[in-house]
Amino acid sequence: MRERIILDLCGGSGSWSRPYSAAGYDVRIIDPRVLSAGDVRLITRPRLPRRVHGVLAAPPCDHLSSAGASQWREKGVSRLLVALGICDACLRIIWLTQPSWWALENPVGRLRSYYGDPTLIFDPYHYGDPYRKKTLLWGNFTIPKRNRVEPLKSPSDSGWRGKDTLDYWLQTQTKEGLISKQERSQKRSLTPPGFAKAFFEANP
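For the sequence shown, the residue numbers in our numbering are 116 to 319.
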């Protein structure tokens, strides 16, 4: 079998593509935090592999997520344009490489207004990780089989307050039950391992 190349766009930690790396795929993360020349907006066709099997794209959601809706007016249109430019650059790379499957991820927010209804909406507890963080996926891929568990409820949980549930779950993962704001933000951005595994199994 020819070596299968997976592009992990804006992949950061590589949490979404980790199951592919572990299985021996040739995973290439394109992200300025990993590669100095890794800005997807500046990737030209000659720099891309001739044959790409799959593309995972997780563009930054800082200026797109509804969690920051109260700051949208203050941020202005310039930051929205930057965010959309990164998302559109991911789609350009997908169009150029014509992979067998692809997926672009973002939380609930502005992107739905620009890209239409997503292919999949899920929470981590649908795939074995016991917290809520509603996530949207657009693309051409096989929807993973669910492995639902009951989401953890924090003392302040009123039923569907995803952020409180996730923050409480993150606290339970630390020995002292405390987590810094920076560490919490970093962990919130990671692809849930249960979903990453299920996606890999459905899209080998």
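Beta carbons are placed, not taken as given, at the ideal position from N, Cα and C, and that holds for glycine.
- Query: Taking the C-alpha atoms as reference points, what is the distance between Gly-360 and Glu-220?
  - Reply: The chain is shown only over 116 to 319; residue 360 falls outside these bounds and no answer can be derived.
- What span of residues does the beta strand (DSSP E) with Gly-191 cover, start to end? No beta strand (DSSP E) contains Gly-191, which is instead part of the alpha helix (DSSP H) from 187–212.
- Nearest-angstrom beta carbon gap, Gly-309 and Asp-238 [assumed within contact, 8 Å]: No, Asp-238 and Gly-309 are not in contact; Cβ-Cβ is about 11 Å, not under 8 Å.
- Query: Assuming Ile-201 contacts Leu-163 under a Cβ cut-off of 8 Å, what Cβ separation, rounded to an integer in Å, is found between them?
  - Reply: Contact doesn't hold; Cβ gap of about 17 Å is too wide.
- Which class does Gly-309 belong to by DSSP, given the choice of helix, strand or coil? helix
- Item | Where Phe-314 sits in the DSSP three-state scheme | helix
- Take Arg-143 as the anchor and find which of Arg-156, Phe-315, Leu-122 has the nearest alpha-carbon. Leu-122
- Query: Which residues in the same chain as Leu-150 place their Cβ atom closer than 8 Å to its Cβ, once the five residues preceding and following it in sequence are excluded?
  - Reply: Ile-144
- Residues near Val-223 by beta carbon distance below 6 Å, same chain, minus five either side: Ser-181, Lys-249
- Task: Consult DSSP for Arg-162 and reduce its assignment to one of helix, strand or coil.
- Result: helix
- Between the CA atoms of Gly-153 and Pro-174 - distance to the nearest angstrom: 13 Å
- Message: Tell me the rounded alpha-carbon separation between Gly-126 and Leu-171.
- Response: 8 Å
- Reference Val-197; option with closest CA among Leu-211, Leu-179, Glu-189, Pro-214: Leu-179
- Query: For the alpha helix (DSSP H) that Ala-138 lies in, which residues bound it at each end?
  - Reply: Careful: Ala-138 lies outside any alpha helix (DSSP H) and carries neither H nor E.
- Which value, in whole angstroms, describes the spacing of the CA atoms of His-241 and Pro-307? 10 Å
- Query: Going by the CB atoms, is the gap between Val-167 and Ile-120 shorter than 7 Å?
  - Reply: yes
- Own chain, CB closer than 7 Å to Pro-214, minus 5 neighbours either side, in chain order: Val-167, His-168, Gly-169, Val-170
- Task: Would you give the residue range spanned by the beta strand (DSSP E) that Leu-251 belongs to?
- Result: 250–255
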